[in-house]
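Here the sequence shown stands for residues 2 to 294, where the numbers follow our numbering. For reference, the structure discussed in these notes is given below.
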Amino acid sequence: MKNIAIACFVTISFYVQAQKIIPLYNGTAPGSESWTWQEKENSNNFFQERVVYNVSQPTLTVFLPDTPVTNGTAIVICPGGAFHILSIDQEGFDVARWLNKKGITAFVLKYRLVHSLTDDPVKELLSENPGAENKKFNDEVLPVVGFAIADAEAAIVYVRKHADEYKISANHIGLIGFSAGGTLAAGVAYNYNAENRPDFVAPIYPYIGDFEKTSVPKDAPPMFIAAAADDYFGFDKTCADIYKEWTTSKHSAELHIYAKGGHGFGMKKQNLPSDHWIDRFGEWLQFLGYMKK
Numbered sequence: 002m003k004n005i006a007i008a009c010f011v012t013i014s015f016y017v018q019a020q021k022i023i024p025l026y027n028g029t030a031p032g033s034e035s036w037t038w039q040e041k042e043n044s045n046n047f048f049q050e051r052v053v054y055n056v057s058q059p060t061l062t063v064f065l066p067d068t069p070v071t072n073g074t075a076i077v078i079c080p081g082g083a084f085h086i087l088s089i090d091q092e093g094f095d096v097a098r099w100l101n102k103k104g105i106t107a108f109v110l111k112y113r114l115v116h117s118l119t120d121d122p123v124k125e126l127l128s129e130n131p132g133a134e135n136k137k138f139n140d141e142v143l144p145v146v147g148f149a150i151a152d153a154e155a156a157i158v159y160v161r162k163h164a165d166e167y168k169i170s171a172n173h174i175g176l177i178g179f180s181a182g183g184t185l186a187a188g189v190a191y192n193y194n195a196e197n198r199p200d201f202v203a204p205i206y207p208y209i210g211d212f213e214k215t216s217v218p219k220d221a222p223p224m225f226i227a228a229a230a231d232d233y234f235g236f237d238k239t240c241a242d243i244y245k246e247w248t249t250s251k252h253s254a255e256l257h258i259y260a261k262g263g264h265g266f267g268m269k270k271q272n273l274p275s276d277h278w279i280d281r282f283g284e285w286l287q288f289l290g291y292m293k294k
């Protein structure tokens, strides 16, 4: 009975820690002051997974590792969802929990999204035929992309300013993003200042095209990239292009393109080699020294 009580206490403690939510801005988010819709969740959808939508006030959900394993590294996580939804579990919270086990403090970013007009945002999204070749879809998304990238930059700034509070190193702060979240990761990697520069960055099957891409910065951070060759949006080719740009400019990069996995594999278990991309990510972090206390 005593052991059960202890286990319950530990579980509840972890849950409470994981649910610490930090507003990213004081007051309304800059540039979207007129957005009045409220953030919502939906689980009864075509994807059969929990998604978040109608984010107008960006937040960070904090996941703290157990003190004995904490290594001082932090990562901001940007889930994907075509700028309409956030795949909050398999590209967000599940990633955070894996990182916690490795001693990394994780911050899941809920960034600003396109306003959904119904309570089934997935159906609404799919009806718009999302994709890089759909001009109508891109015209709708484009105004939001800049806001979302600004949210990712603000997240890096917040984590760095509060490094002592979370017992992390101010120069061990990374950024990972999936699909649309990968747009944020790449967008920040190409355009940053001293305050919001990530120390390493990981765009995972990223969508690139709705932000002004500059040349690779002279002090560009190391980059980890992963995708599948059967990505139905063709983002594996985007990944190869980014890798070539990074390495041609003499910056560190690692690229994994799996034969199968589709788009949006995240933390899904498909009994494929792509299931283990995050293990390769962990090895990469180890190689760079971000797993050491």
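Heads up, the beta-carbon is just placed ideally off N, CA and C, and yes, glycines get one too. These figures come from a predicted structure and were not determined experimentally.
Per DSSP, cross-strand counterpart(s) of residue i
{"i": "proline 204", "result": "Gly178"}
{"i": "histidine 257", "result": "Ala227"}
{"i": "lysine 41", "result": "Tyr54"}
{"i": "proline 24", "result": "Thr60"}
Residue environment, residue i, which counts as buried when at least 16 other CB atoms sit within 10 Å
{"i": "proline 69", "result": "exposed"}
{"i": "alanine 190", "result": "buried"}
{"i": "phenylalanine 94", "result": "buried"}
{"i": "alanine 260", "result": "exposed"}
{"i": "glycine 82", "result": "buried"}
{"i": "lysine 111", "result": "buried"}
{"i": "leucine 143", "result": "exposed"}
{"i": "alanine 195", "result": "exposed"}
{"i": "phenylalanine 266", "result": "buried"}
{"i": "glutamine 91", "result": "buried"}
{"i": "lysine 124", "result": "exposed"}
{"i": "asparagine 197", "result": "buried"}
{"i": "lysine 103", "result": "buried"}
Inter-residue spacing [alpha-carbon to alpha-carbon] between residue i and residue j
{"i": "proline 199", "j": "asparagine 272", "result": "32 Å"}
{"i": "glutamate 284", "j": "isoleucine 177", "result": "15 Å"}
{"i": "proline 222", "j": "lysine 168", "result": "22 Å"}
{"i": "histidine 252", "j": "alanine 203", "result": "14 Å"}
{"i": "isoleucine 226", "j": "histidine 173", "result": "18 Å"}
{"i": "alanine 181", "j": "tyrosine 208", "result": "6 Å"}
{"i": "glutamate 166", "j": "aspartate 67", "result": "15 Å"}
{"i": "glycine 32", "j": "phenylalanine 148", "result": "8 Å"}
{"i": "proline 274", "j": "phenylalanine 179", "result": "18 Å"}
{"i": "threonine 239", "j": "isoleucine 78", "result": "20 Å"}
{"i": "leucine 65", "j": "glycine 73", "result": "11 Å"}
{"i": "phenylalanine 236", "j": "glutamate 34", "result": "33 Å"}
{"i": "glutamate 42", "j": "arginine 281", "result": "31 Å"}
{"i": "leucine 126", "j": "histidine 85", "result": "7 Å"}
{"i": "lysine 214", "j": "tyrosine 193", "result": "12 Å"}
{"i": "leucine 61", "j": "glutamate 50", "result": "20 Å"}
{"i": "serine 250", "j": "proline 218", "result": "9 Å"}
{"i": "phenylalanine 10", "j": "proline 80", "result": "Per-residue confidence for phenylalanine 10 stands at a pLDDT of 38, beneath the threshold of 50, marking its modelled position as unreliable; no derived number is given."}
{"i": "tyrosine 206", "j": "isoleucine 22", "result": "27 Å"}
{"i": "valine 109", "j": "asparagine 135", "result": "29 Å"}
{"i": "valine 52", "j": "threonine 248", "result": "35 Å"}
{"i": "lysine 162", "j": "serine 216", "result": "28 Å"}
Reduced DSSP secondary structure (H/G/I, E/B, other) of residue i
{"i": "lysine 238", "result": "helix"}
{"i": "lysine 245", "result": "helix"}
{"i": "proline 31", "result": "coil"}
{"i": "proline 317", "result": "Since the first and last residues shown for the chain are 2 and 294, residue 317 lies out of range."}
{"i": "arginine 198", "result": "coil"}
{"i": "histidine 277", "result": "helix"}
{"i": "lysine 294", "result": "coil"}
{"i": "lysine 219", "result": "coil"}
{"i": "lysine 124", "result": "helix"}
{"i": "leucine 286", "result": "helix"}
{"i": "tyrosine 233", "result": "coil"}
{"i": "tyrosine 193", "result": "coil"}
At what residue ranges does the segment 45–115 contain a whole run of the alpha helix (DSSP H), taking only runs of 4 or more? 95–102
Segments assigned beta strand (DSSP E), at least 3 residues, entirely inside the segment 133–187
Listed in chain order, the complete beta strand (DSSP E) runs (minimum 3 residues) inside the segment 133–187 are 174–179.
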